[in-house]
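Q: In our numbering, the protein residues as written are 32 to 389.
Please see the structure below; I have some questions.
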């Protein structure tokens, strides 16, 4: 490893690399925000998967996003190679002084190396204990305590060589004025004028979901208290079907569905306007926490230590407090089993009421 980074190091161009899912991308924002604070004059760019772009595209601290499209591999070897080379040359042309590689893929390490940045920080992953991985980075940060840290804290650890601490790390989610307007129009169309609760009961993984019957009971109980509930979900067919089924089980008229109608930044604008967010372990749950909307998160066999909502205004109800759960590492992600079923409706209602009456 290189000698310590001098205190006066002031990068002009910074690249952050993370190749994961939507929620993971949101949890890189504390790193982006900390870099902006430390280096206010620097240009900050991010390399990410194309489908996760909405999580960061409105972030005011980011100059540009470099994109990897997972569909490149479907185009055949030569086309994929051309895309990869174009990406490498675009990265190199930016003359980065600092690259922070938060990813664990070989591809991210190669891009880090070929950026030609003088300072290249990565993680010393046990599975990447290899001379090539070391050659790609000038600094490797230990991952020995990662299993005890939240994902935000893991990401922030990459800034240790720069002398930036994880203290006060703040996630953020951004949206445009047009996103906000679209949401206001949609709410007006549904005749939602007063305060409302956003409820996101769906996930692309069924094992992270609560039963539809319990969601409907929760809706009816909160609606009877006089609250308006707005249901959201991804445009995915299975999630839409789940929302339709929940609605069919509801007796109250005080619930509207905007499921599948919004982009992620538009959904953020909706959550930002809500008095409470209730949802399962998903990207929208992380968005609510980042937006500082009171957030009630229902968790099953997910690593709570790593993925609980980050921030002050959150409460987690964990199925493991009511019944034994399988280890998160042993889950068949394609299972139809809903591990949240042990969570009683009354406890969710009580938690929601405590937020609403604060």
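From the three backbone atoms N, C-alpha and C, an ideal C-beta is built for every residue, glycine too.
All values derive from a computational prediction rather than experimental measurement.
Cβ of residue 101 within 8 Å of Cβ of residue 74?
A: no
Q: For residue 196, which of helix, strand or coil comes out of DSSP?
A: coil
Q: Figure out for me which residue from 183, 242 and 193 has the closest Cα to the Cα of residue 199.
A: 183
Q: Hey, quick one: how far does the beta strand (DSSP E) through residue 330 stretch, first residue to last?
A: 326–330
Q: Cα-Cα, which of 176, 64, 310 and 314 is closest to residue 336?
A: The shortest CA-to-CA distance from residue 336 to any of 176, 64, 310 and 314 is the one to 176.
Q: Which two residues bound the contiguous beta strand (DSSP E) that contains residue 221?
A: Neither: residue 221 is in no beta strand (DSSP E) and is coded neither H nor E.
Q: DSSP state of residue 361, grouped into three classes?
A: Under the three-state reduction of DSSP, residue 361 is assigned to helix.
Q: Alpha carbons only, please: which of 139, 304, 329 and 295 is nearest the one belonging to residue 85?
A: 295
Q: Report the rounded CA-to-CA distance for residue 368 versus residue 358, giving the unit in angstroms.
A: The straight-line gap from Cα to Cα measures roughly 14 Å.
Q: Distance check for residue 103 and residue 118, CA to CA, integer angstroms please.
A: Those two C-alpha atoms are separated by around 12 Å.
Q: Tell me the DSSP bridge mates of residue 97?
A: 78
Q: Terminal residues of the continuous alpha helix (DSSP H) containing residue 68?
A: 60–69
Q: Residue 152 and residue 170 look like a contact to me (Cβ under 8 Å); what is the Cβ gap, rounded to whole Å?
A: The Cβ separation is near 5 Å, so the contact holds.
Q: Following the continuous beta strand (DSSP E) through residue 155, name the residue where it begins and the one where it ends.
A: It spans 150–155 - the beta strand (DSSP E) in which residue 155 sits, taken as one unbroken run.
Q: Can you say whether residue 35 is buried or exposed, counting buried as having 16 or more other CB atoms within 10 angstroms of its CB?
A: By the neighbour-count rule (16 or more Cβ atoms within 10 Å), residue 35 is not buried but exposed.
Q: Measure how close the beta-carbons of residue 230 and residue 260 come, nearest whole angstrom, since I'm counting them as under 8 Å.
A: 5 Å
Q: Residue range of the alpha helix (DSSP H) that residue 385 falls in?
A: 376–387
Q: With respect to the beta strand (DSSP E) encompassing residue 230, which residues constitute its N-terminal and C-terminal limits?
A: 228–231
Q: What does the alpha-carbon distance come out to for the pair residue 384 and residue 57?
A: 28 Å
Q: On a Cα-Cα basis, can you pick out the residue from 225, 61 and 192 that is closest to residue 173?
A: 192
Q: Where residue 351 and residue 330 are concerned, what is the direct C-alpha to C-alpha distance, given to the nearest angstrom?
A: Whole-angstrom Cα-Cα distance: 8 Å.
Q: In the DSSP assignment, the beta strand (DSSP E) including residue 123 goes from what residue to what residue?
A: Not the beta strand (DSSP E): residue 123 falls in the alpha helix (DSSP H), residues 108–124.
Q: Just to confirm, is the Cβ distance from residue 254 to residue 286 under 8 Å?
A: yes
Q: Round the Cβ separation of residue 62 and residue 190 to the nearest angstrom and send it over; I've been treating them as touching at under 8 Å.
A: 6 Å
Q: Tell whether a beta-carbon distance below 8 Å holds between residue 53 and residue 314.
A: yes
Q: I need the DSSP call for residue 308, collapsed to helix, strand or coil.
A: strand
Q: Tell me which same chain residues have a C-beta within less than 7 Å of the C-beta of residue 251, skipping the five on either side of it?
A: 281, 282 and 283
Q: Along the chain, where does the alpha helix (DSSP H) that runs through residue 19 open and close?
A: Because residue 19 is not part of the residues shown, which for the chain are 32 to 389, the question remains open.
Q: Could you please give me the residues that DSSP links to residue 170 through a beta bridge?
A: Bridge partners of residue 170: 152.
Q: To which residues of the same chain is residue 364 closer than 8 Å at the C-beta, ignoring the five residues directly before and after it?
A: The beta carbon of residue 364 lies closer than 8 Å to those of 236 and 238 in the same chain, with the five residues before and after it left out.
Q: If you draw a straight line from the C-alpha of residue 112 to the C-alpha of residue 342, how long is it?
A: 41 Å
Q: Based on the DSSP output, what are the partners of residue 260 in its beta bridges?
A: In the DSSP assignment, residue 260 forms a beta bridge with 228 and 286.
Q: For my contact list, residue 133 and residue 48 are in at a C-beta cut-off of 8 Å; report their separation, rounded to the angstrom.
A: 6 Å
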